[in-house]
Amino acid sequence: MSAIVFERVTKRFDNGQEALSEISVEFASGSMTFLTGHSGAGKSTFLRLLIGAETATRGRIYVDDVDISRLGARRMPWYRREVGVVFQDHNLLLEHSVFDNVALPLRINHLGEREVASRVRGALGKVELLGKEHLMPSQLSTGEQQRVGIARAVVGRPKILLADEPTGNLDPDLARSVMELFGRFNELGTTVLIASHDIALIQSLGMPTLNLAAGRIADTNGVLDGG
Amino acid sequence: MAGKSSANRGKRWPAPAFRLSDWFSDHRRAIAETFEFVSLRLGSSLFVWLLVGIALALPAALRLAQQNFVALDDGWQGQPGLTVYFTVGTEPDNVAGVQAQLRQSSSVAAIQLTDAEQALQEFMAASADSSSLTAALVRLPENPLPATLQVSVVSDASLEELGALREQLVGLDGVDEVVIERTWLELLRNLTQLVERLGLILGVLFALGAVLVTAASVRLAIESRLEELRVLSLVGATRAQIRRPFLYFGVFYGLGGAVVAAMLLAITLTAIEAPLTALLGSYDIPVHVHGFGVVFLLTLLGVGMGLGVIGALVAVRQRIRGVQEMAD
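For the record, the sequence lines run as chains A and B.
The first sequence: position 184 = 184 (my numbering), numbered continuously.
The second sequence: position 54 = 54 (my numbering), numbered continuously.
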């Protein structure tokens, strides 16, 4: 079963720039795929369409057979609760502790504080930050901040995990351990899609890749080409 | 190519089940966030309360003034009437004739005669301190004061009925002048109307001011948390969850402003009660300044809260509308 399906998706911005052109591709449920390409190839737009931060100009995007390009403002939050997102710049709330940052998706989803505490500690344990939950993000290193972002993305046990250049600010060793972390989540059944231009790291992991160039699919390696 | 045209496509994303406890927990969290935000910025919050309070205090003061005028008007309802002044030397028979005519009118409740002799005695008594005046009056060949009739009319008598009665009396033998005492009452009623309309106009303008102050303050609060709102939206917060704390800001600012307005009114009333009573007392107008009761206070709090929410809604509509779409 395909978790994510792009059907002839085009995204053209108001200034006329076409970020994605006629993209058709499928990602199987429980797969882990790297989205590669140079800057401006359309990787971030691809992910922004998937989290509903942008809407497709043409075409359809299906997640679990639901057309998310037509979700509407009311159902979009419910969909986003099933999608974990990791950003290159972490997007952490600097005035909140590590614990509160990771707990955010759970509290929004009305989980009780006992379960919140249990799950947050579990997620922080997976990213090896247990014991630092009471620190503020500014007291952490860049790598630790990135791992807090990852913990926040996975704490709600999402069906899909998206990451946009998650290793962009990390040294090679840390980048590799972050990628391995994504691999462990994928082993638990989460569909993982990672945008990255770190070709060497991706090749060393031997995962399927979808290479974008100028908004079009340039190459697929182990990915179902929907075209 | 596999699975490109699944038969299941077209499904809707499943909605989570609605639970009242979740709704209450969202509100609890929003209130807690509001308290935290306001307590961390107490100086600016006090400033907003003061601005909203001043904006609410003036129309509230006019409303209170109008209520006091109405109370004064009501207090005079038992006293309206006519005074019939006879010419000097009018025969008692003529006075009796006028009295008889008055008794036939359904508008008349009571008649009190002060004849010329009685009027002179009362005047002498009132002028006892001035020996030269009383000596001059004694030396006069005849009583210079006329007889008068104080006519009380029924409380629901209209000004038109009093006018018609006055017209009947003016033409009678011995009647010099008929004065309608309701003139003062009409003046008061006109004043009450003026205050009411002024209060309405100023009320709308100042309410607009309160809304704008609240909207600007809530907008600033939104701006300061814009990044947080983007993240909240990304992790699945609904529009209601995002905007709810800011609506509570509106409630908080509005309620605080109303409390400040009530305090300003109470201080003003305490300050003006004694001089006002003395001033009106010197015109023989019995005055008791009415403060505000529970209903007035609750109304003020309700209006303040309502204006605060409207202001917050204005800010939220302007600023939060695209947060879900601008998630970065």
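Ideal placement from N, C-alpha and C gives every residue a C-beta, glycine not left out.
Coil, strand or helix - residue i by DSSP
| i | result |
| --- | --- |
| B:Gly250 | helix |
| A:Asp219 | strand |
| B:Gln66 | helix |
| B:Asp129 | coil |
| B:Gln241 | helix |
| A:Ile202 | helix |
| A:Lys159 | coil |
| B:Phe18 | coil |
| A:Glu26 | strand |
| B:Met263 | helix |
| B:Gly308 | helix |
| B:Gln112 | strand |
| B:Ala2 | Caution applies to B:Ala2, whose pLDDT of 39 falls short of 50 and renders its modelled position unreliable; the value that the coordinates give is listed next. If DSSP states are grouped into helix, strand and coil, B:Ala2 belongs with coil. |
| A:Asp64 | coil |
| A:Asp171 | coil |
| B:Ile320 | coil |
| B:Gly78 | Residue placement at B:Gly78 cannot be trusted, given a pLDDT of 46 that sits under 50; the coordinates are not used to answer. |
| A:Lys126 | helix |
| B:Asp26 | helix |
| A:Arg58 | strand |
| A:Leu210 | strand |
| A:Val9 | strand |
| B:Thr87 | coil |
| A:Gln17 | coil |
| B:Leu313 | helix |
| B:Gln150 | strand |
| A:Leu35 | strand |
Same chain only: Cβ atoms within 7 Å of residue i, ignoring 5 sequence neighbours per side
| i | result |
| --- | --- |
| B:Glu33 | Pro245 |
| A:Ser138 | Leu94 |
| B:Leu301 | Leu255, Ala258 |
| B:His290 | Gln67, Asn68, Ala71 |
| B:Leu191 | Phe69 |
| A:Ala56 | Val9, Thr10, Lys11, Leu49, Ser69 |
| B:Glu177 | Tyr85 |
| A:Asn221 | Pro208, Thr209 |
| B:Ser5 | Any reading at B:Ser5 must be qualified, since the residue scores a pLDDT of 48, below 50, and its modelled position is unreliable; no value is offered. |
6 Å Cβ shell around residue i - same chain, five flanking residues per side excluded
| i | result |
| --- | --- |
| A:Ile160 | Val83, Thr191 |
| B:Val213 | Leu51, Val52 |
| A:Gly149 | Val86, His90 |
| A:Val5 | Glu26, Tyr62 |
Heavy atom of the ligand NAD within 6 Å of residue i beta-carbon
| i | result |
| --- | --- |
| B:Ala262 | Inclusion of the ligand NAD in the displayed structure is not the case, the ligand content being empty and no account of it being possible. |
Sequence-distant residues of its chain with Cβ nearer than 8 Å to residue i (five each side left out)
| i | result |
| --- | --- |
| A:Gly230 | Past the edges of chain A, shown from 1 to 227, lies residue 230 of chain A, and the structure says nothing about it. |
| A:Glu133 | Ser97, Val98, Phe99, Val102, Val120, Arg121, Leu124 |
| A:Leu106 | Glu115, Val116, Arg119, Val120, Val155, Gly156 |
| A:Arg184 | Lys126 |
| A:Ile202 | Phe34, Thr36, Ser196, Thr209 |
| B:Val309 | Leu247, Gly250, Val251, Gly254 |
Closest by C-alpha distance to residue i, when choosing among the options
| i | options | result |
| --- | --- | --- |
| B:Ala60 | B:Ser224, B:Val251, B:Leu205, B:Ile242 | B:Leu205 |
| A:Thr142 | A:Leu210, A:Leu47, A:His90 | A:His90 |
| B:Gly293 | B:Leu313, B:Ile310, B:Ala262, B:Arg317 | B:Ala262 |
| B:Trp49 | B:Ala215, B:Ser105, B:Thr270, B:Thr83 | B:Ala215 |
| B:Ile333 | B:Ala96, B:Val95, B:Glu227 | Not covered by the structure: residue 333 of chain B. The range shown for chain B is 1 to 328. |
| B:Pro92 | B:Gly203, B:Val314, B:Tyr248, B:Glu117 | B:Glu117 |
| B:Asp156 | B:Ser107, B:Ile201, B:Glu186 | B:Ser107 |
| B:Thr55 | B:Val295, B:Thr83, B:Leu313, B:Val260 | For the sequence presented, residue 55 of chain B should be read as Ala rather than Thr. Ranking B:Val295, B:Thr83, B:Leu313, B:Val260 by Cα distance to B:Ala55 puts B:Val260 first. |
| A:Ala151 | A:Leu181, A:Glu187, A:Asn221 | A:Leu181 |
| A:Lys126 | A:Glu144, A:Leu135, A:Glu113 | A:Glu144 |
| A:Gly59 | A:His197, A:His110, A:Ser21 | A:Ser21 |
| B:Val316 | B:Ile267, B:Arg239, B:Leu280, B:Phe296 | B:Arg239 |
| B:Ala15 | A:Thr45, A:Gly40, A:Ala73, A:Ser24 | A:Ala73 |
| B:Leu307 | B:Leu265, B:Glu273, B:Val251 | B:Val251 |
| A:Phe13 | A:Thr45, A:Arg216, A:Ser29 | A:Thr45 |
| B:Arg189 | B:Leu159, B:Ile267, B:Val179 | B:Leu159 |
| B:Leu297 | B:Leu172, B:Asp22, B:Leu265, B:Thr83 | B:Leu265 |
| A:Leu193 | A:Ser177, A:Asp173, A:Ala28 | A:Ala28 |
**Q.** Touching by the beta-carbon criterion (3+ pairs, under 8 Å), the region 109 to 127 of chain B and the region 204 to 218 of chain B
**A.** Touching, no.
(Q) Closer than 8 Å is the cut-off here; do at least three beta carbon pairs connect the region 162 to 173 of chain A with the region 2 to 17 of chain A? (A) no
Q | Contact between the region 119 to 127 of chain B and the region 59 to 72 of chain B (3+ Cβ pairs under 8 Å) | A | Contact fails: fewer than three Cβ-Cβ distances are below 8 Å.
(Q) Is it the case that the region 83 to 95 of chain B contacts the region 230 to 241 of chain B, given that we only count it when at least three CB pairs across the two stretches are under 8 Å? (A) no
Q: Decide if the region 195 to 205 of chain B is in contact with the region 20 to 39 of chain B; the criterion is three or more beta carbon pairs, one per stretch, under 8 Å apart.
A: no
Q) Which residues, in order along the region 204 to 237 of chain B, keep a beta-carbon less than 8 Å from a beta-carbon of chain A? A) Against chain A - using a Cβ distance shorter than 8 Å - the residues of the region 204 to 237 of chain B are Glu227, Glu228, Arg230, Val231, Leu232, Ser233, Leu234, Val235, Gly236, Ala237.
Q | Residues in the region 108 to 131 of chain A having any Cβ partner in chain B nearer than 8 Å | A | Ile108, Asn109, His110
Q | Interface residues of the region 22 to 33 of chain B facing chain A [CB-CB below 8 Å] | A | Asp22, Ser25, Asp26, Arg29
Q) Of all the residues that make up the region 81 to 98 of chain A, which are near chain B by a beta-carbon distance shorter than 7 Å? A) Arg81, Val85, Asn91, Leu93
Q. Is the region 159 to 166 of chain B touching the region 16 to 36 of chain B, taking contact as three or more C-beta pairs under 8 Å?
A. no
Q.
Using a Cβ-Cβ cutoff of 9 Å, what residues of the region 65 to 79 of chain A are near chain B? List them in chain order.
A. Those would be Asp65, Val66, Asp67, Ile68, Leu71, Ala73, Arg74, Arg75, Met76, Pro77, Trp78, Tyr79, in chain order.
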